[in-house]
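In the UniProt record's numbering, the protein residues as written are 1 to 290. A virtual CB, placed ideally from N, CA and C, is assigned to each residue, including glycine. First comes the structure, then the notes that go with it.
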């Protein structure tokens, strides 16, 4: 008896390593000007249910200073960026909004790979309508456990959005990187393998074999899709994981061994090249009260 090969899951290995947590903070009308201040480690996911609005940004953030939104849409800020909503002063517009916290903050590979703002009409994401129906039902009725359930449903909305982005990177304006690499089915097989087993002894030949390509073809396609070499990507992935493990209290030697380094000194050298400080110094600075 033969079994069909299951489809490749490009997101789960990422989200299992770097979790995201949503927290509902508003549902209902917003009237006049609403400010959403920048806070380190805090992202936003807004769902415009009804109405129109202007969105204002600081010029220093590199975004369009003013956007006009005229249909029900998702507004996703993966990083800490301040913004303001300008809604009608009386009737306003209807929103359901959540903050997001990504493990690793700015070191999270998905956060680094995404543009600072994604605006997407709700009608463009398949399956989103059913999730939003459940989300709105919970936020509108206010039943027992509604807030916690709404938080989980917002995380489902985010996963559905990320799925869409992987399948439509050009439409979302995503630059070469992790997301565009996952778009290519061949490269995705190699990327998922590295995400699942970062401590393996990954040679170029081993990565190319996962992709079903020659070494030269794989290296060229990988660089074109992601903007970096396979070796550099693997190093960045391992070091991103290392920051999470160090913050969790894991010892430097243990982290080095699990991530495939020959020893603590080799790991520390690579870490310092990437982040400008030795692991213990980086951890001290990262855990100091702001």
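Q | Endpoints, alpha helix (DSSP H) assigned at residue 225 | A | Locating residue 225 in the chain shown gives position 225, counting from the first residue. Here the alpha helix (DSSP H) through residue 225 covers 215 to 226.
Q.
Taking the beta strand (DSSP E) that residue 261 belongs to, which residues open and close that run?
A. Counted from its first residue, the chain shown places residue 261 at position 261. Unbroken run through residue 261: none, as it is neither H nor E.
Q. Can you list, in chain order, the residues of its chain whose CB lies under 8 angstroms from that of residue 9, leaving out five sequence neighbours each side?
A. Locating residue 9 in the chain shown gives position 9, counting from the first residue. Closer than 8 angstroms at the Cβ level, and outside the excluded window around residue 9, lie 192.
Q) Do residue 259 and residue 238 have their C-beta atoms closer together than 7 angstroms? A) The count along the chain shown starts at 1 and reaches residue 259 at position 259. The count along the chain shown starts at 1 and reaches residue 238 at position 238. In contact: residue 259 and residue 238 (Cβ atoms closer than 7 angstroms).
Q | Residue environment, residue 117, which counts as buried when at least 16 other CB atoms sit within 10 Å | A | If you number the chain shown from 1, residue 117 lands on position 117. Buried is the call here.
(Q) For residue 96, list the residues DSSP reports as bridge partners. (A) The residue you call residue 96 lines up with position 96 of the chain shown. Answer is 27, 47, bridged to residue 96.
(Q) Three or more C-beta pairs under 8 angstroms: does that hold for the stretch 28 to 43 against the stretch 80 to 97? (A) yes
Q | residue 158 versus residue 12: straight-line alpha-carbon distance, rounded | A | One-based indexing of the chain shown puts residue 158 at position 158. One-based indexing of the chain shown puts residue 12 at position 12. Straight-line Cα distance between these residues: approximately 13 angstroms.
Q) In its own chain, which residues sit with a C-beta less than 8 angstroms from the C-beta of residue 112, not counting the 5 before and 5 after it? A) Position 112 of the chain shown, counted from the first residue, corresponds to residue 112. Cβ within range, chain order: 106, 177, 178.
Q) Is DSSP giving residue 54 helix, strand or coil here? A) Within the chain shown, numbered from 1, the residue matching residue 54 stands at position 54. Residue state, collapsed to three classes: strand.
Q) In three-state terms, what does DSSP make of residue 101? A) On the chain shown, residue 101 is found 101 positions in, with the first residue counted as 1. Looking at residue 101 - three-state DSSP - the assignment turns out to be strand.
Q.
Within a Cβ cutoff of 8 angstroms, which residues of the same chain sit near residue 3, ignoring the five residues on either side of it in sequence?
A. Here the question's residue 3 lines up with position 3 in the chain shown. Unreliable positioning characterises residue 3 in this predicted model, as indicated by a pLDDT of 49, which lies under 50. A coordinate reading is not provided.
Q: Note the first and the last residue of the continuous alpha helix (DSSP H) segment covering residue 113.
A: To locate residue 113, count along the chain shown from 1; it is residue 113. First-last of the alpha helix (DSSP H) with residue 113: 109 to 113.
Q: Compare the Cα-Cα distances from residue 232 to each of 250, 254, 270 and report the closest residue.
A: If you number the chain shown from 1, residue 232 lands on position 232. Closest option to residue 232, Cα to Cα, is 270.
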